[in-house]
Structure formats: structure tokens, C-alpha cells
Amino acid sequence: MDEPEYLICLQCETPTYQFEYVNGKLATVVCNTCGADDPSDFMTEAELEEEV
Numbered sequence: 024m025d026e027p028e029y030l031i032c033l034q035c036e037t038p039t040y041q042f043e044y045v046n047g048k049l050a051t052v053v054c055n056t057c058g059a060d061d062p063s064d065f066m067t068e069a070e071l072e073e074e075v
């Protein structure tokens with residue numbers, strides 16, 4: 024899987040561009056708006072659309 028351009032924070036629904044993938048897996052991420060930093064609190068736009 025290619026790295027996405029951004030991830031969406033599920034806590035405040037804001038896109039974030041501060042993340043790092045290691046070996047194809049999300050390693051670190053932080054939301055500048057609400058401060059969330061748990062990788063399980065973030066999804067790509069495609070993953071979010073699948074949930075709806």
C-alpha cells in the first residue's frame with residue numbers, strides 16, 4: 024500500500040500531514056488540532072468512506 028497524502032483524525036475530523044510509516048505500517052502520527060496521537064484514531068479518506 025502506498026502512503027497516503029494525509030490521514031483524518033477521528034477525534035476532530037481534521038486532516039493531518041504529520042505521520043510516518045515504517046515498513047508499510049503507520050508508526051507515528053499527531054493531530055495538530057486536538058493533539059490525538061494514537062494511530063487507531065486515524066484513517067485514510069478511503070477507509071473513512073468505507074465506514075459510512
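Every number in our numbering is 23 more than the matching position in the sequence shown, counting from 1. Just so it is clear, CB atoms sit at the ideal spot from N, CA and C, and this is done for glycine as well.
- By the neighbour-count criterion, in which a residue is buried when 16 or more other Cβ atoms sit within 10 angstroms of its Cβ, C35 is exposed.
- Where E43 is concerned, the enclosing beta strand (DSSP E) starts and stops at F42 to V45.
- Annotation for A50: no alpha helix (DSSP H) segment contains it, though the beta strand (DSSP E) segment containing it runs K48 to V52.
- Pairing T39 with V53 gives a Cβ-Cβ distance under 8 Å.
- Looking at the DSSP output, P38 shares a beta bridge with I31.
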